[in-house]
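A short worksheet on the structure shown next.
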Ligand SMILES: [Zn+2]
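Numbering (full-length UniProt numbering), first residue to last: 1 to 249.
Shown next as structure tokens:
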């Protein structure tokens, strides 16, 4: 069984994105997708509403197969209402933060507190770059700040922080941070490195589809892990992370 905890519908490309995701589920035997909608780096309120409506539509079309993250731009005064609508009306099971603000910006705190109340995970884009870092692009250091401030928030740090030697090092002591290795900027032994540093129980399979998939699958297959450890990464850790009856912190 495979659960992909990090996939997207690109704004304005509902048909293409969802077709691609469903085709991958067929081809690769993926049982469940966790999906968020993304488009521009600094979306306005209307764009965020449209992206979340796309995800809600996909959830409705593929019940049991597709779960949604509510995408929030914390710079918006309606961010809390957006999250409330996503969780309570659309039935979304997580929140997604991207690059509109750093994740430890105080404007993020109210939505994080709401996620703690709902006991849903927060998927945070984190990417440390040598060049072209975006103005408010979160890295592992910001994730660590947020995780320490809110030890009972369930945080899923994306992309191993862009560079596992930077991202994982920053958060390795934060027991409330899980990790996905979605995207493709990785080396053969990144998963082994992450397992050694934070333990296999905190690593969650995610791909960043429709951008990449097979590279992430290959990383698990090639890692020096037992079959049981691979199962934890492919789906068991995700089941725990999204289990709202399991509290942490
Ligand atoms: Zn992504």
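Just so you know, even glycine gets a beta-carbon here, dropped at the ideal spot from N, CA and C.
(message) Assuming contact is defined by CB atoms lying nearer than 8 Å, are residue 149 and residue 124 in contact in what I supplied?
(response) In the chain shown, counting from the first residue as 1, residue 149 sits at position 149. In the chain shown, counting from the first residue as 1, residue 124 sits at position 124. With a cutoff of 8 Å on beta-carbon distance, residue 149 and residue 124 are scored as not near each other.
(request) With distances taken Cα to Cα, identify the nearest neighbour of residue 122 among 87, 62, 234. (result) As a first step, residue 122 is located in the chain shown; it is residue number 122 there, counting from the start. Minimum Cα distance to residue 122 is reached at 87.
(request) Tell whether a beta-carbon distance below 8 Å holds between residue 162 and residue 136. (result) Taking the first residue of the chain shown as 1, we reach residue 162 at position 162. Taking the first residue of the chain shown as 1, we reach residue 136 at position 136. No.
(request) Identify every residue that forms a DSSP beta bridge with residue 67. (result) As a first step, residue 67 must be located in the chain shown, where it is residue number 67. Answer is 34.
(message) Give me, in chain order, the residues of the same chain whose beta-carbon lies closer than 7 Å to that of residue 166; leave out the 5 immediate sequence neighbours on both sides.
(response) For the purposes of this step, residue 166 is identified with residue 166 of the chain shown, where counting begins at 1. Shown here for residue 166: same chain residues with a beta carbon closer than 7 Å to its own, the five before and five after excluded, namely 128, 139, 140 in chain order.
(message) Count Cβ pairs between the segment 74-90 and the segment 47-58 that sit closer than 8 Å; are there 3 or more?
(response) The segment 47-58 and the segment 74-90 touch, with three or more beta-carbon pairs separated by less than 8 Å.
(request) Can you say whether residue 188 is buried or exposed, counting buried as having 16 or more other CB atoms within 10 angstroms of its CB? (result) For the purposes of this step, residue 188 is taken as residue 188 along the chain shown, with counting starting at 1. The residue in question, residue 188, is exposed, as its Cβ has fewer than 16 Cβ neighbours within 10 Å.
(message) By the three-class DSSP mapping on this structure, what secondary structure does residue 225 have?
(response) Along the chain shown, one-based indexing puts residue 225 at 225. Residue 225 falls in the coil class under three-state DSSP.
(request) With a threshold of 16 other CB atoms inside 10 Å of the CB of residue 106, please say whether the residue is buried or exposed. (result) Taking the chain shown and counting its residues from 1, the one referred to as residue 106 is at position 106. So residue 106 ends up on the exposed side.
(message) Just verifying my parser: in three-state terms, what is the DSSP assignment at residue 139?
(response) Walking along the chain shown from the start, residue 139 turns up at place 139. DSSP places residue 139 in the coil class of the three-state scheme, outside both helix and strand.
(message) Excluding the 5 residues flanking residue 48 on each side, which residues of the same chain have their C-beta closer than 8 Å to its C-beta?
(response) Reading the chain shown from its first residue, position 48 is the one you call residue 48. These residues qualify, in order along the chain: 71, 72, 73, 76, 82.
(request) Give me the Cα-Cα distance between residue 152 and residue 183, rounded to the nearest whole angstrom. (result) Translated into positions along the chain shown, residue 152 becomes position 152. Translated into positions along the chain shown, residue 183 becomes position 183. Approximately 27 Å, taken between the alpha carbons.
(request) Using DSSP bridges, identify the partner residues of residue 306. (result) With the chain covering 1 to 249 only, the question about residue 306 has no answer from this structure.
(message) Quick check: what's the CA-CA separation for residue 193 versus residue 156?
(response) Position 193 of the chain shown, counted from the first residue, corresponds to residue 193. Position 156 of the chain shown, counted from the first residue, corresponds to residue 156. Those two C-alpha atoms are separated by around 17 Å.
(message) Is it buried or exposed, residue 36, if we count other Cβ atoms within 10 angstroms and call 16 or more buried?
(response) The count along the chain shown starts at 1 and reaches residue 36 at position 36. When all chains shown are included, residue 36 counts as buried.
(message) Would residue 17 and residue 9 qualify as a contact pair, given that the criterion is a beta-carbon distance under 8 Å?
(response) Here residue 17 is taken as the residue at index 17 of the chain shown, counted from 1. Here residue 9 is taken as the residue at index 9 of the chain shown, counted from 1. The answer is yes: Cβ separation under 8 Å.
(request) Keeping to the same chain, check which residues put their C-beta closer than 6 Å to that of residue 238; ignore five residues upstream and five downstream. (result) In the chain shown, residue 238 corresponds to position 238, counting from 1. Cβ within range, chain order: 3, 5, 204.
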